[in-house]
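> In the working numbering, the protein residues as written are 2 to 443.
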Ligand code: NDP
Ligand code: HSE
């Protein structure tokens with residue numbers, strides 16, 4: 002196939018990311034086109050409300066509320082779905098892929114929920130579905146796993162995959178603020194999803210963990226099947242005590258494969274992690290992913306996980322791959338859509354249950370400040386063979402006390418049973434809170 006002189010791009014969505022794509026293609030057009038050996042033209046931009054004021058202005062002829070001008074337009078080579086959501090975006094992505102088009106997306110929710118179907122449609126119709134921007138914003142984690150680390154099998158991938166929650170936790174730690182106080186700033190910076198529960202309840206990062214699990218292990222895991230917990234339960238005091246014990250609290254995605262048992266654990270939850278770990282030092286809106294391959298060892302990637310410029314950098318990188326593909330260089334892009342490869346990766350692979358986890362735990366328990374209360378708590382934990390590693394008690398003014406303990410190694414099942422027992426104990430007030438302590442060496 003000869004090189005196309007000009008590649009035509011249509012944008013579905015012109016919000017934070019869409020405008021970033023336009024702005025940054027314009028900014029670096031000369032170098033980009035030189036590298037790609039072709040001209041890039043964004044000929045159509047589709048929005049929901051064309052009357053809305055935008056920071057980036059585009060020629061009025063290319064601007065509309067009609068997705069057909071992108072999706073069903075034979076003159077469009079690359080469709081960028083940057084609208085978000087899982088209904089209209091699903092319908093339009095399906096339609097574009099059914100016509101054999103190349104679709105570039107940043108929509109992790111859509112891939113997590115419908116990726117299996119969408120990759121299949123792409124495969125069947127000769128199209129392609131690119132999604133670098135869907136995980137970890139500007140960090141090239143998809144390409145790294147798919148291409149740069151292709152020689153490896155991945156025992157452990159873990160890290161911080163949500164910029165908003167990391168930004169909130171960082172400011173809580175540094176400035177002693179509540180997360181409500183920092184959420185507004187995260188919104189102003191364009192990090193937060195329209196439905197902010199996606200960020201605060203861990204769902205957005207879980208979507209990304211599901212995508213990485215598929216990419217690395219060929220298995221589509223359902224969100225309902227995995228542990229997914231957000232940051233709302235974390236208090237400034239938890240962060241402070243964790244800090245005194247040598248830990249930070251981070252919202253971690255963990256994708257761990259036991260090759261002997263052929264089990265895969267995919268989970269997303271807050272965790273105490275030693276300050277000595279590189280990932281613990283990843284603060285603010287930054288994301289960090291630690292990838293341990295059996296050939297390369299451990300590689301850590303850190304970068305901006307959200308925001309206009311970082312995300313559009315990844316979208317433009319996918320546009321570049323799409324251009325290479327349109328120019329006949331399909332071999333330059335190793336296809337993650339290859340079904341046979343994924344069947345081999347996922348052969349017989351089973352999902353590990355949350356209860357099978359073994360590790361150390363942090364517990365926060367409110368108690369009546371009365372004689373023998375510590376012994377009662379200790380007895381309950383002992384029944385489940387859980388022993389204290391550290392105990393921190395804070396007396397409160399209303400005759401109650403706050404116990405913050407860390408445990409030695411225990412099973413998650415035992416912790417769950419112990420918490421149920423604590424709930425039934427008259428000296429305990431409210432429900433105890435527990436966080437896992439994550440040690441990548443375990
Ligand atoms: P925005 O809400 O800023 O922009 C969404 C755009 O899509 C808007 O221009 C909106 O139109 C348009 N749109 C929404 N629904 C429709 C529809 N039915 N028909 C036509 N246009 C529609 O979102 P973002 O740019 O922040 O996010 C886009 C995608 O990128 C999402 O999937 C998000 O999860 C993902 N992403 C975002 C990151 C970020 O930092 N913001 C980082 C990584 C991924 P209008 O403007 O008229 O309302
Ligand atoms: N809301 C997401 C985050 C955007 O904060 O990480 C990037 O996917």
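Glycine included, each C-beta is placed from N, C-alpha and C at the ideal position.
Nearest-angstrom Cα distance between residue 36 and residue 403?
The residue labelled residue 36 in the question sits at position 35 within the chain shown. The residue labelled residue 403 in the question sits at position 402 within the chain shown. When rounded, the distance between both Cα atoms is 60 Å.
> With residue 390 as the anchor, note down where its beta strand (DSSP E) starts and where it stops.
Here residue 390 is taken as the residue at index 389 of the chain shown, counted from 1. Start and end: 389 to 396.
> Which residues in the same chain as residue 136 place their Cβ atom closer than 7 Å to its Cβ, once the five residues preceding and following it in sequence are excluded?
Reading the chain shown from its first residue, position 135 is the one you call residue 136. 109, 142, 143, 162, 209, 212 and 213, listed in sequence order.
> From what residue to what residue does the alpha helix (DSSP H) around residue 132 run?
Along the chain shown, one-based indexing puts residue 132 at 131. That residue, residue 132, is in no alpha helix (DSSP H); it is neither H nor E in DSSP.
> Going by DSSP, what residues sit across from residue 81 in a beta bridge?
Residue mapping note: residue 81 aligns to position 80 of the chain shown, counting from 1. Beta-bridge pairing links residue 81 to 12 and 105.
> On the criterion of 16 or more Cβ atoms from any shown chain inside 10 Å, does residue 297 qualify as buried, or is it exposed?
Taking the chain shown and counting its residues from 1, one reaches residue 297 at position 296. The residue in question, residue 297, is exposed, as its Cβ has fewer than 16 Cβ neighbours within 10 Å.
> Can you name the residues that DSSP bridges to residue 283?
Within the chain shown, numbered from 1, the residue matching residue 283 stands at position 282. Bridge partners of residue 283: none, in fact.
> Note down, in chain order, each residue of its chain lying with its Cβ closer than 7 Å to the Cβ of residue 56, except the 5 sequence neighbours on either side.
If you number the chain shown from 1, residue 56 lands on position 55. Taken in chain order, the residues that qualify are 20.
> At 4 residues or longer, what runs of the alpha helix (DSSP H) sit wholly inside the segment 7 to 77?
Entirely contained in the segment 7 to 77, the alpha helix (DSSP H) runs reaching 4 residues are, in chain order, 17 to 28, 30 to 37 and 69 to 72.
> Rounded to a whole number of angstroms, what is the C-alpha to C-alpha distance between residue 126 and residue 386?
The residue given as residue 126 occupies position 125 in the chain shown. The residue given as residue 386 occupies position 385 in the chain shown. Each residue's alpha carbon lies about 56 Å from the other.
> Report yes if the C-beta distance between residue 105 and residue 94 is below 8 Å; otherwise report no.
By one-based count along the chain shown, residue 105 stands at place 104. By one-based count along the chain shown, residue 94 stands at place 93. Cβ atoms of residue 105 and residue 94: not closer than 8 Å.
> Please list the segments of the alpha helix (DSSP H) lying wholly inside the segment 130 to 207, counting only runs of 4 or more residues, in order along the chain.
For the segment 130 to 207, whole alpha helix (DSSP H) runs of length 4 or above, ordered along the chain, are 164 to 176, 180 to 189 and 198 to 201.
> Please name the residue in 307, 17, 74 and 158 whose C-alpha comes closest to that of residue 45.
Mapped onto the chain shown, residue 45 falls at position 44. Of the listed residues, the one whose Cα sits closest to residue 45 is 74.
> Are there 16 or more other CB atoms within 10 angstroms of the CB of residue 171, so buried, or fewer, so exposed?
Here residue 171 refers to the residue found at position 170 when the chain shown is read from its first residue. Residue 171 comes out buried.
> Measuring only the C-alpha atoms, how far is residue 332 from residue 316?
Locating residue 332 in the chain shown gives position 331, counting from the first residue. Locating residue 316 in the chain shown gives position 315, counting from the first residue. Reliability fails at residue 332, whose pLDDT of 49 lies under 50, so the model's placement of it is uncertain and the value that follows must be treated cautiously. For residue 332 and residue 316, the distance between alpha carbons rounds to 20 Å.
> What residues in its chain sit with their C-beta under 6 Å from that of residue 406, if we drop five residues either side in the sequence?
Here residue 406 is taken as the residue at index 405 of the chain shown, counted from 1. Excluding residues within five positions, the ones whose Cβ falls inside 6 Å are 364, 389 and 392.
> Within 10 Å of its beta-carbon, does residue 52 have 16 or more other beta-carbons around it, so buried, or fewer, so exposed?
In the chain shown, residue 52 corresponds to position 51, counting from 1. Per the 10 Å Cβ criterion, exposed.
> Can you tell me whether residue 128 is buried or exposed, with buried defined as 16 or more other CB within 10 angstroms of its CB?
Here residue 128 refers to the residue found at position 127 when the chain shown is read from its first residue. Label assigned to residue 128: buried.
> With 16 as the cutoff for other CB atoms within 10 Å, does residue 261 come out buried or exposed?
Locating residue 261 in the chain shown gives position 260, counting from the first residue. With fewer than 16 other Cβ atoms within 10 Å, it is exposed.
> Would you list the residues sitting across from residue 93 in a DSSP beta bridge?
Sequence index remark: in the chain shown, residue 93 carries index 92 (1-based). Paired residues: none, contrary to the question.
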